[in-house]
Amino acid sequence: MTDLTNLTVAQIRDGHRAGDFSAVEVAEAFNANVAGAKALNAFIVETPEHALAAAKQADADRSAGTLKPLSGVPIGMKDLFCTYGVQTTAASHMLEGFVPRYESTVSAKLWDAGAGMLGKLNLDQFAMGSSNETSYFGNVISPWKRNDGGNAALAPGGSSGGSSSAIAARLCPAATGTDTGGSIRQPAAFTGISGIKPTYGRCSRWGIVAFASSLDQAGPMARDVKDCAIMLENMAGFDPKDATSLDMAVPNWEAALSSNLKGKTVGIPREYRLEGIDPDIDAMWDAGIAMLKDAGAEVVEISLPHTKYALPAYYIIAPAEASSNLARYDGVRYGLRDLPEGAGLQDMYAATRADGFGPEVKRRIMIGTYVLSAGFYDAYYTQAQKVRTLIARDFEQAFASCDVILAPTAPSAAFGLGEKMADPLAMYLNDVFAVPASLAGLPAMSVPAALNREGLPLGLQIIGKAFDEQGVLNAGLAIEERAGFNARAEKWW
Amino acid sequence: MSDYRIKGETGEWEVVIGLEVHAQITSNAKLFSGAATAFGAEPNTQVSLVDAAMPGMLPVPNRECIRQAVRTGMAIEAQINTWSRFDRKNYFYADLPQGYQISQLYHPLVGEGSLTIAADEKAGIPADKVIGIERIHVEQDAGKLMHDQHPTMSYVDLNRSGVALMEIVSRPDMRSPAEAGAYVRKLRSILRYVGSCDGNMEEGSMRADVNVSVRRPGDEFGTRTETKNVNSVRFVMAVIEGEAKRQVALIESGGTVVQETRLYDPDRNETRSMRSKEDAHDYRYFPDPDLLPLELDDAFLAECRESLPELPDAKRARYLAAGISAYNADVLTAEVEAARWFDALLEAGAKPVAAANWVTSELFGALNRLGRDISDSPVSPAQAAELLGLVADGTISGTIAKAVFEKMLETGDGAAAIVDREGLKQTSDTGAIEAEIAKVLAANEDKVAQYKGGKEALFGFFVGQTMKAMQGKANPQVVNELLKKALG
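In structure tokens:
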């Protein structure tokens, strides 16, 4: 019998439906992989019983003829989504032991669709980081190794590093991620998997621990484009509990998948050609252009003139919102409370927040507090908002002459754990290609396109017009089919 | 112009007052959550996940709260901003679960408007005065700390957390405690007419931040202080008087007023400093990224406007036009319940002037005696109209009407039924009246002589005696005529 954990979401769904295997067999196989992969530290909480219960239900539903879209499919849940009765931490000490009595909209939709939960996936603390090294529960390790014979532990990307590592290591066929400034796309690129951040508002933010409200967007991560489409269909949808939710019907993305790009135009942004970038990245990009041409698309050069201001603007807006969003973690109502002997309210705040937040979270709270302060607000926050408007306009103008934009996902392949922790700016640069689409609220995905000379995966990014996830998925599929990326990390854990 | 002055050692000072009134919006649910808003509920029973700021919770604007604020804005003839936005006001306190209050700093829902306070000579308001209102914005209330529940800990009650407030900001247009008092009363009256706030100051549904400064008449504005959370009209007036005097004494003794926030202590009737401008919070206001800008469409605005009731000023004008005295018109329009009751009485056919007199004297007197509000008056407008109708058509006299009203209060029966049962119909039977007059004059020959000698004031005595003899049932006009004839 084939190893069930090698199957994609679509294969599991279809095979289960056809009676090739039971959902319980699938769940048990993935549960076993999860249990055997502690070395990757991808999960904060493992929930094999949840996966099994959903599997039993799926098998019963199959007998009863009441199968649901994701019946029999176990998935991983990023630990930023609140899950009823299951600890939700955002990888922080602050929320260690916090067990919500509510279920996030996105996870509730997935369970309603028949999916089961293998566990809560590790991430950068409060989703702040690009390497998964800021988690209170320890860094996630990528299953990938360089081909240099060394044994350096590599970053799985971040913040959705537990998700990327777990999928790449076959601990789950798909997982949820969230993307504020690249947190789905960059980890997907680092680990040779696919991931899509949909248009802002597609997925409800209700029940997701907030990082930066105007940027946060949930999306799926999976092994291929089709799985992303299937997952996204079961995550997206209008939610009256989220005032920024899009009141639009969810398209049938999977059914409309097509890699035929005849009549489509692909834009190549001049400003994304960085001086001194890794030649492997440029080579992959050029190969991607060729693939899309081969799929029938016309390729044009476009300009996104304000690109260089995107990262600075992002690192003002996101921390500003975070500094306010994280004010609720004060030790008063839930989560950590540090109450030194004889402490008053202010002392409790100080002690709780000093202890509960890691250094990167504190850094961003301080940046955010600073840029919103009287006297600095206009120079930083107002200015950053203007830049954001200009970046959105750049895209709007570019999309007058193209349907999707092709660019690298990240400026490098996965780096070693610890290599960039001492230099926050170098770390932030990882998101240089990802952040503009976040600021503009556009759908964007990463698909694996090549291995670099170190044998590590590289990802191509497709950015689409607002609401045009289909265009993004289709271009992604065209690359996937042509890149033939089937490398996988050799099991060492 | 108000001539209210603080008389200092060095001369006279004028007081400049602006008020920020926080009015709780009447709504079954909070501003951004579905939680209920009942007053006096057990602590922490009116709290949703959003109000407790649990991780991942999001605010969704409550349409009814927005509607009520818009209607209030229309009632003060203010500019309604069809595009407004919510901002976060960031600060840490245990009664503020989110760590920020959702408010509107930069783009409030309601812009410039005004209200008029009525002339009141006795209170030193010689003429009607228009008080500018700068803006009304909508914001969340905070929870409440309880310090008396535990020896070393404070408890938090989040029932009020997230309740919708309107902050109604006046221009610094008031010049005396009386004007400020009249402003608060008028504002409260309008809110209650509109139905956007119950105006219950004891329960905290309405409270005022009182901004006071003093200056030499005609000078530039002085430095102001802000006294927070004053919760009665009387206290608002006391704060202004006390604070103005404090500032004058301070300036005259060589000090300077510092811009600061103060607290009022009603027990000692004094304010004390809470914090000065130097250690004022930096609230780091910024647009709330969880909420889209609020855009109001024409249909929404039209519904708001159409649902507005007749407001106090219009009602008062209508009463005056009907011949009702200014005093009665003021009394009848001050409280919306009384005005509604009175309008129902008019609708039931009562004549305006007589009805106004009767309501303000007889009915209010009776309610006062019974300790009841007009909203649970034992006599309905229809019943009252019946009683007044009997007086108007001459069936009973005003005197008898009082007795009938008492019986109505006692028994709940209708006026006509009581008059019938008790035989209280007044008579215009001249024969019977003339017979009684003859008896009265015969029994009081001395007074008849005095009257004829020029003491005309005795006429009333004869009327009274005749009415008494007729057991009050004689038509007073007929009695008058016949008496005049008899006394020649």
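As given, the protein sequences belong to chains A and B, one line each in that order.
So for the first sequence, this note's numbering puts the first residue at 1014; every next one is plus one.
So for the second sequence, this note's numbering puts the first residue at 938; every next one is plus one.
Cβ atoms here follow ideal geometry from the backbone N, Cα and C, with glycine treated the same way.
Bear in mind the structure is a predicted one, so any value in this text is a computation, not a measurement.
Residue i touches chain A at which residues, Cβ-Cβ below 8 Å?
i                       : result
residue 1025 of chain B : 1337
residue 1099 of chain B : Going along chain A, no residue has its Cβ under 8 Å from residue 1099 of chain B, so there is no contact; the nearest lies around 13 Å.
residue 1219 of chain B : 1386 and 1387
residue 997 of chain B  : 1253, 1254, 1255 and 1256
Which of helix, strand or coil does DSSP assign to residue i?
i                       : result
residue 1025 of chain B : strand
residue 1270 of chain B : helix
residue 1091 of chain A : strand
residue 1087 of chain B : coil
residue 1394 of chain A : helix
residue 1166 of chain B : strand
residue 1056 of chain A : strand
residue 1457 of chain A : strand
residue 1020 of chain B : strand
residue 1063 of chain A : helix
residue 1223 of chain B : strand
residue 1157 of chain B : coil
residue 1133 of chain A : strand
residue 1336 of chain B : helix
residue 1197 of chain A : coil
residue 932 of chain B  : Chain B is shown only over 938 to 1425; residue 932 of chain B falls outside these bounds and no answer can be derived.
residue 1161 of chain A : coil
residue 1282 of chain A : strand
residue 944 of chain B  : strand
residue 1310 of chain A : coil
residue 1075 of chain B : strand
residue 1442 of chain A : helix
residue 1364 of chain B : strand
Kindly list, in the order they appear in chain B, the residues whose Cβ is closer than 7 Å to that of residue i.
i                       : result
residue 971 of chain A  : Examination of residue 971 of chain A is not possible in this model, given that chain A is present from 1014 through 1506 alone.
residue 1343 of chain A : 1029 and 1036
residue 1095 of chain A : 992 and 993
residue 1227 of chain A : 1226
residue 1334 of chain A : 1226
residue 1340 of chain A : 1027, 1029, 1035, 1036 and 1037
residue 1108 of chain A : 992
residue 1188 of chain A : Within 7 Å Cβ-Cβ: nothing; residue 1188 of chain A doesn't reach chain B, min ~18 Å.
Which partner residues of residue i appear in the DSSP bridge assignment?
i                       : result
residue 1246 of chain B : DSSP, once it has assigned bridges, lists no residue as partnering residue 1246 of chain B.
residue 1144 of chain B : B/959
residue 1390 of chain B : Answer is none; residue 1390 of chain B lacks a bridge partner.
residue 1051 of chain B : B/1069
residue 1150 of chain B : B/953
residue 911 of chain B  : Residue 911 of chain B is absent from the model: chain B starts at 938 and stops at 1425.
residue 1234 of chain A : A/1188 and A/1208
residue 1472 of chain A : A/1461
residue 889 of chain B  : Residue coverage of chain B in this structure runs from 938 to 1425, which leaves residue 889 of chain B outside it and unanswerable.
For a contact meaning CB atoms closer than 9 Å, what does residue i contact in chain B?
i                       : result
residue 1115 of chain A : 986, 991, 993 and 994
residue 1317 of chain A : Those within 9 Å of residue 1317 of chain A in chain B number zero; the least Cβ separation is about 23 Å.
residue 1101 of chain A : 992 and 993
residue 1213 of chain A : By Cβ distance, chain B contributes nothing, its closest Cβ being about 11 Å from residue 1213 of chain A, past 9 Å.
Residues of chain A with CB under 7 Å from residue i, in chain order?
i                       : result
residue 1342 of chain B : Residues of chain A passing the Cβ test: none, with the nearest at roughly 55 Å.
residue 1114 of chain B : Here the premise fails: no neighbours, minimum Cβ distance about 34 Å.
For a contact meaning CB atoms closer than 8 Å, what does residue i contact in chain B?
i                       : result
residue 1193 of chain A : Those within 8 Å of residue 1193 of chain A in chain B number zero; the least Cβ separation is about 12 Å.
residue 1382 of chain A : 1221
residue 1394 of chain A : 1223
residue 1328 of chain A : Residues of chain B passing the Cβ test: none, with the nearest at roughly 16 Å.
Give me the chain E residues within the contact set of residue i, using Cβ-Cβ distance strictly less than 9 Å, ordered along the chain.
i                       : result
residue 1358 of chain A : In the structure shown, chain E does not exist; the protein chains are A and B.
Shorter than 6 Å, the distance from the beta carbon of residue i to the closest heavy atom of the ligand NAD, or not?
i                       : result
residue 1301 of chain A : What this structure holds is no ligand at all, so the ligand NAD is not there to describe.
ask   = Using a beta-carbon distance cut-off of less than 8 Å, what residues from the segment 1250-1283 of chain A approach chain B?
value = 1253, 1254, 1255, 1256 and 1257
**OP:** May I ask you to list, following chain order, the residues of the segment 1143-1174 of chain B that have a beta carbon less than 8 Å from some beta carbon of chain A?
**Re:** none
Between the segment 1143-1161 of chain A and chain B, which residues of the former have CB atoms less than 9 Å from a CB of the latter, in chain order?
none
With a floor of 4 residues, list each alpha helix (DSSP H) that falls wholly inside the segment 1314-1397 of chain A, ordered by position along the chain.
1323-1338, 1358-1369 and 1372-1384
**chain A contacts from the segment 1220-1239 of chain B (Cβ-Cβ distance under 9 Å)** = 1220, 1221, 1222, 1223, 1224, 1225, 1226, 1227, 1228 and 1229
Taking beta-carbon pairs under 7 Å, can you tell me which members of the segment 1072-1094 of chain B lie near chain A? 1093
*Curious, which full-length alpha helix (DSSP H) runs of at least 4 residues does the segment 1084-1135 of chain B contain?*
1114-1131
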